[in-house]
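Structure first, commentary second.
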Amino acid sequence: MIFFRTTNSYTAPRLILAAAIALAVFFPLVLHAESSPAARCTILISMKIKPYAESVEGIKAYFQTHPAIDTDYYYLEDVKESWNEDILGQVDQYAHRAVIAIGPEAGGFVREQSMDQDVYRIFSMILNHSVVAISDPPACGIFLSIDAGDQLKSLREAAPEIKSLGILHDPANNSDYLEKAGKIGPDLGFDIVPLAVDSKNEVPAILRQNWPRLDSLLLIPDATVISSSLVQFIIKDGISNGVPVIGYNRFFLRSGALISFVYDYKKIGEDTAAYTQRLINGSVTCKTERASFKTLVNERIAKQLDVQINDTFFHTQGEGP
23 MIFFRTTNSY TAPRLILAAA IALAVFFPLV LHAESSPAAR CTILISMKIK PYAESVEGIK
83 AYFQTHPAID TDYYYLEDVK ESWNEDILGQ VDQYAHRAVI AIGPEAGGFV REQSMDQDVY
143 RIFSMILNHS VVAISDPPAC GIFLSIDAGD QLKSLREAAP EIKSLGILHD PANNSDYLEK
203 AGKIGPDLGF DIVPLAVDSK NEVPAILRQN WPRLDSLLLI PDATVISSSL VQFIIKDGIS
263 NGVPVIGYNR FFLRSGALIS FVYDYKKIGE DTAAYTQRLI NGSVTCKTER ASFKTLVNER
323 IAKQLDVQIN DTFFHTQGEG P
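Start counting the sequence shown at 23; every next residue gets the next number (the working numbering).
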């Protein structure tokens, strides 16, 4: 036989009171545990310039909607001298799992620092991979590097009639790019014309010799042949010879380039933050990825030089000489 014990009227209020006290103590702890970030991330920014600011805006926007990771933001110039005392001490505590370096200066600095192996070093807004070439732990992040194949495919879609394509470059800086372009270009209908120089002084002469054989000239990131004044000269000289120039940021468009491959820096920040979260969660491994880009067309120059453009591409009214 089973007996049930009833609670008298005196015991019941005491039990209710005890339960209320337990909830009052325990429930806030549960809420705090759920609202506390699972990890912290330090963002180190090279300097105060617009592209980095837009990238950081994207990082903040992403983490505001994904609060599982808390963030701290610093400019390199403000913490470079006190990194070991003020910042590194924090990185080694409070569940810090990652440091994001924005720009090459911050990237080079983070590369040289000694940090716990559990802290990921993530690099973003950096063009040259060698700036952060480390193997233990490996470098990971999103880099400003457009693949030659992706660039030529996008150019072919945007301007279907261009055939002879000159590529101005210094072989010491871009031999790999030219090798890949030389292999992929013919399959896309391009006749690739390598225009090799080893100093800025050689640029006017090699262009003068080759303008008659070119349908277009592609300028790629190359420290030897790229400067603001030289870019403006090349674009103006190209227009005078009926040859449109293709570049890789909005400055080229403002200077009169026909097409430019442009990064969305805020989107790069968002992608960097999303990649960081996936890395911390263990859903991806440490690796390097290329930043996405848009292809913009200068309509005024297209009309001026009578270049056929695919209407599905982004257009801008453009400026130029």
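For glycine and all other residues, C-beta sits at the position ideal for the given N, C-alpha and C. Owing to the predicted nature of the structure, the values given are computational and were not obtained by experimental measurement.
- The three-state reading of DSSP puts residue 81 in helix, counting H, G and I together.
- The C-beta of residue 333 has fewer than 16 other C-beta atoms within 10 Å across all chains shown, which makes the residue exposed.
- Contact between the segment 72-89 and the segment 284-293 is present: three or more C-beta pairs spanning the two stretches fall below 8 Å.
- Here residue 264 carries a coil assignment [DSSP, helix/strand/coil].
- Residue 250 and residue 101 have their C-alpha atoms spaced approximately 31 Å apart.
- DSSP, reduced to helix, strand and coil, places residue 183 outside both helices and strands of the structure shown, so it counts as coil.
- Taking a cut-off of 8 Å on C-beta distances, the segment 250-264 touches the segment 223-242, as three or more cross pairs fall below it.
- Note on the segment 255-312: whole alpha helix (DSSP H) runs with a minimum of 4 residues are 272-277 and 287-303, in chain order.
- Taking all protein chains shown into account, residue 191 has 16 or more neighbouring C-beta atoms within 10 Å of its C-beta and is therefore buried.
- In the structure shown, the three-state DSSP call for residue 243 is coil.
- Residue pairing for residue 143: DSSP places it in a beta bridge opposite 121.
- Partner residues in the beta bridge of residue 93, as assigned by DSSP, are 63.
- Contact between the segment 272-279 and the segment 235-254 is present: three or more C-beta pairs spanning the two stretches fall below 8 Å.
- Residue 330 counts as exposed, since fewer than 16 other beta carbons sit within 10 angstroms of its beta carbon.
- DSSP places residue 212 outside both helix and strand once states are collapsed to three, so it counts as coil.
- Contact check between the segment 138-146 and the segment 203-217: fewer than three CB pairs, one atom from each, fall below 8 Å, which does not count as touching.
- Of the candidates 317, 182 and 164, 164 places its Cα closest to the Cα of residue 310.
- According to DSSP, residue 217 shares a beta bridge with 190.
- In the DSSP assignment, residue 129 falls outside any beta strand (DSSP E) and within the unbroken alpha helix (DSSP H) covering 126-134.
- Looking at the DSSP output, residue 163 sits in a beta bridge with 145 and 310.
- In this structure, residue 104 sits away from residue 124, with a CB-CB distance that is not shorter than 8 Å.
- Collapsing the DSSP output to three states places residue 238 in a strand.
- Cα atoms of residue 61 and residue 148: separation of roughly 25 Å, rounded to the nearest angstrom.
- Shown here for residue 315: same chain residues with a beta carbon closer than 7 Å to its own, the five before and five after excluded, namely 168, 283, 284 and 285 in chain order.
- Between residue 239 and residue 219, the beta carbon gap of about 13 Å keeps them out of contact (Cβ cut-off 8 Å).
- A residue is called buried when at least 16 other Cβ atoms come within 10 angstroms of its Cβ; residue 223 does not meet this threshold and is exposed.
- Residue burial is scored here from C-beta neighbours: residue 118 has at least 16 other C-beta atoms within 10 angstroms and is therefore classed as buried.
- For residue 100, the enclosing alpha helix (DSSP H) starts and ends at 98-101.
- With contacts defined by Cβ atoms closer than 8 Å, residue 184 and residue 294 do not form a contacting pair.
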